[in-house]
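Student: Submitted below is the structure of interest, expressed as structure tokens.
Residue numbers (the numbering used here): 18 to 121.
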């Protein structure tokens, strides 16, 4: 019953998106890229380019670690995608932060 309710609640959202010419994938891509100056970014040492990670502060970082191969990255092979650590904002596929965890 709850699935039916969720489906019925989603109809107006999909209809509204269609009315303005947006697809559901467009809605998902609307998140802005997180800034390196963002407090959460600074706390996690996030950089949009993994090669620019602070080697002194994060000695275990290696150049082959990047958001695109992190277990937390939700963007597939896209240039940017979601990350649960930066709610409502995307991270760069080639970015990196200290929470990086190898994708299984």
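Cβ atoms here follow ideal geometry from the backbone N, Cα and C, with glycine treated the same way. As the structure is a computational prediction, the values presented were derived from the model and not from experiment.
Can you tell which of 118, 112, 121 and 119 has its C-alpha closest to the C-alpha of residue 66?
Tutor: The shortest C-alpha separation from residue 66 is found at 112.
Student: Report the partner residues of residue 77 according to the DSSP bridge assignment.
Tutor: None; residue 77 has no bridge partner.
Student: In whole angstroms, what separates the C-alpha of residue 81 from that of residue 64?
Tutor: Rounded to whole angstroms, residue 81 to residue 64 spans 14 angstroms at the Cα level.
Student: Going by DSSP in three states, residue 84 sits in which element: helix, strand or coil?
Tutor: Three-state DSSP puts residue 84 in a helix.
Student: Identify every residue that forms a DSSP beta bridge with residue 98.
Tutor: Bridge partners of residue 98: 108.
Student: Per DSSP, which one or two residues make a beta bridge with residue 113?
Tutor: Beta-bridge pairing links residue 113 to 64.
Student: In this structure, does DSSP put residue 119 in helix, strand or coil?
Tutor: Of the three classes helix, strand and coil, the one that applies to residue 119 here is strand, per DSSP.
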